[in-house]
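A.B. asks: Heads up, the sequence shown is in this note's numbering, so the first residue is 5 and it goes up one at a time.
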Amino acid sequence: MTQRVELAAVMDRLAVDGLVTDYAVAVDDGDWTAYRELFTSDGRADYRSAGGIEGDAGNVASWLAETMRVFAMRQHLIVNRQVRFGVLEQDTGDTARVQADYVNPMRLAAPGPDDSAAGAPDFVCGGRYSFGLLRTDDGWRVREVVVREKWRRLPG
5 MTQRVELAAV MDRLAVDGLV TDYAVAVDDG DWTAYRELFT SDGRADYRSA GGIEGDAGNV
65 ASWLAETMRV FAMRQHLIVN RQVRFGVLEQ DTGDTARVQA DYVNPMRLAA PGPDDSAAGA
125 PDFVCGGRYS FGLLRTDDGW RVREVVVREK WRRLPG
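1) For Q103, write down the residues that DSSP places opposite it in a beta bridge.
2) Over what stretch of residues does the alpha helix (DSSP H) that includes R25 continue unbroken?
3) Per the contact definition of three or more C-beta pairs closer than 8 Å, is the segment 97-106 in contact with the segment 129-146?
4) In terms of residues, what are the limits of the alpha helix (DSSP H) holding R73?
5) Would you kindly work out how many angstroms separate the C-alpha atoms of L213 and P125, rounded to a whole number?
6) How is G55 classed by DSSP in three states: helix, strand or coil?
7) Drop a sphere of 10 angstroms on the beta-carbon of G55, count the other beta-carbons inside from all chains shown, and report buried for 16 or more, exposed for fewer.
8) Looking at the structure shown, is A49 part of a helix, part of a strand, or coil, going by DSSP?
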């Protein structure tokens with residue numbers, strides 16, 4: 005492998021890692037516009053294993069916006085990222101598969117007017133994401149993401 009190819013591979017890996025981080029931040033911050041922009045035009049998300057829905061990124065973002073209102077605090081911790089680059093139309097590196105584990109502590113919103121993020125989380129879940137990514141003219145984008153929730157700790 006030449007230095008130029010090695011540098012390109014490192015740059016792609018950093019960009020893919022950044023995309024996964026941007027995904028977590030968009031969900032945690034409730035930035036549904038940013039969430040939608042992370043996906044390809046035909047991008048899909050599948051949250052069924054966590055009690056959610058599967059569909060195009062726009063519909064899933066709308067569902068998340070409504071569902072996540074019950075949580076005053078969300079914080080994805082995405083670790084153990086495995087990245088594998090693939091081939092599309094004979095060009096190496098145009099696709100990527102990312103498998104990453106997550107732990108997601110969340111705190112339910114208080115019933116009163118002050119639902120600040122103070123206090124310990126009262127809902128924690130964990131599992132694994134499977135991302136299918138595509139290099140586009142605008143950079144790396146999510147073609148699909150599947151959530152595989154493995155465990156959940158509820159309040160009480």
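No residue lacks a Cβ here, since even glycine has one placed at the ideal position from N, Cα and C.
C.D. replies: Quick look at the numbers:
1) Q86 and S134
2) Note that residue 25 is Thr in the sequence shown, not Arg. Residues Q7 to D33.
3) yes
4) Taken as a continuous stretch (DSSP letters only), R73 belongs to no alpha helix (DSSP H), as it is neither H nor E.
5) Because the chain is modelled from 5 through 160, residue 213 falls outside the range shown and cannot be assessed.
6) coil
7) Classification for G55: exposed.
8) A49: strand per DSSP, three-state reduction.
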